[in-house]
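Here's the structure, in structure tokens; my notes come after.
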DNA sequence: GAATAGATTGTCT
DNA sequence: GACAATCTATTCT
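Numbering (the numbering used here), first residue to last: 693 to 910.
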């Protein structure tokens, strides 16, 4: 497949390589990491081929005091153990018995905070994404629109839980961010059970991007 | 375009 | 046995 305009713009080579982000990037406060992840690129170099997309929507989950987080009240179990691990590693879980969701762990080991990746703008391996989605004729902007769907398109499952995202087959590489005025905040999605924390504006997305979940912002 | 129901299973009470 | 950081198809308007 010939390189696309996006590949050159984001300096991805044939294997989807790029500059990794330092661990210090992921160890920052979770809201900072969430905002700064917008524009970075998630790459999965699988045996079937490489798929990649630019991060355009995320949500922050802020540990024991956040009643929407899996680590609320300091809860710790085999399922969410990765949230307690080092910054820059993955926390992958299954929701509703059907869909995988990918989080990026933040802060110091023992501090169970993370950023959920909710949508990507696809930039590489679009035909493989369509195959993984079951061969339906989805438009490009629908291929990674939503946390479960992006994992399906990129072939991400719980085998990546607890693994580093700064090297290996699944990784996040550096790329230019978005101008601050384009970044919007809203309440998080699907956390109505979380009482007062349901309303906190800890979802970050990019205005003018079609590939975000829910209603897009002009 | 908006609202609704159903899928499907690991995890926790 | 209840519920979940979701998605899709279907049935309205």
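All residues carry an ideal CB built from backbone N, CA and C; glycine is no exception.
Q: Pick out whichever of 856, 746 and 886 has its Cα sitting closest to the Cα of residue 913.
A: A question about residue 913 goes unanswered here, because the residues of the chain that appear run from 693 up to 910.
Q.
Between which two residues does the beta strand (DSSP E) holding residue 738 run?
A. 733-738
Q | Which of helix, strand or coil DSSP assigns to residue 793 | A | Residue state, collapsed to three classes: strand.
Q.
So, at 6 Å on beta carbons, what are the nonlocal neighbours of residue 884 in its own chain, with the 5 sequence-adjacent residues on each side left out?
A. 890
Q: With distances taken Cα to Cα, identify the nearest neighbour of residue 802 among 763, 888, 875 and 844.
A: Nearest of 763, 888, 875 and 844 to residue 802, Cα basis: 763.
Q.
Which residue wins for smallest C-alpha separation from residue 797, given the options 811, 787, 774 and 788?
A. Nearest neighbour of residue 797 by Cα position, chosen from 811, 787, 774 and 788, turns out to be 774.
Q. How many angstroms separate the CA atom of residue 808 from the CA atom of residue 839?
A. 8 Å
Q. With 16 other CB atoms within 10 Å as the buried threshold, where does residue 787 fall?
A. By the C-beta density criterion, residue 787 is exposed, having fewer than 16 other C-beta atoms within 10 angstroms.
(Q) Relative to the C-alpha of residue 793, which candidate in 750, 817, 758 and 831 has its C-alpha closest? (A) The shortest Cα separation from residue 793 among 750, 817, 758 and 831 belongs to 750.
Q. Straight-line CA distance for residue 815 to residue 743?
A. 8 Å
Q: In the DSSP assignment, find the beta strand (DSSP E) that holds residue 865 and state where it starts and stops.
A: 862-865
Q.
Using CA atoms only, rank isn't needed, just tell me which of 771, 772 and 756 is closest to residue 765.
A. 756
Q) Using 8 Å as the threshold, is the region 900-910 in touch with the region 829-838, meaning 3 or more CB pairs across them? A) As far as the Cβ criterion goes, the region 900-910 touches the region 829-838, which means the pair count is three or higher.
Q: Within its chain, find whatever has a CB closer than 7 Å to the CB of residue 748; leave out the 5 residues flanking it on each side and keep chain order.
A: 730, 811, 812, 813, 897, 898, 901, 903 and 904
Q) According to the neighbour-count rule (16 or more other Cβ atoms, all chains shown, within 10 Å of its Cβ), is residue 769 buried or exposed? A) So residue 769 ends up on the exposed side.
Q) By DSSP, does residue 741 sit in helix, in strand, or in coil? A) strand
Q.
Let's test the definition: count the other Cβ atoms within 10 Å of the Cβ of residue 745 and tell me whether it reaches 16, buried, or not, exposed.
A. buried
Q: Please confirm whether residue 853 and residue 785 have their CB atoms less than 9 Å apart.
A: Cβ distance < 9 Å, so residue 853 and residue 785 count as in contact.
Q. Do residue 741 and residue 866 have their C-beta atoms closer together than 9 Å?
A. no
Q. Closest to residue 882 by CA distance: which of 873, 894 and 872 is it?
A. 894
Q. How big is the Cα-Cα spacing for residue 724 and residue 735?
A. Here the C-alpha atom of residue 724 lies approximately 21 Å from the C-alpha atom of residue 735.
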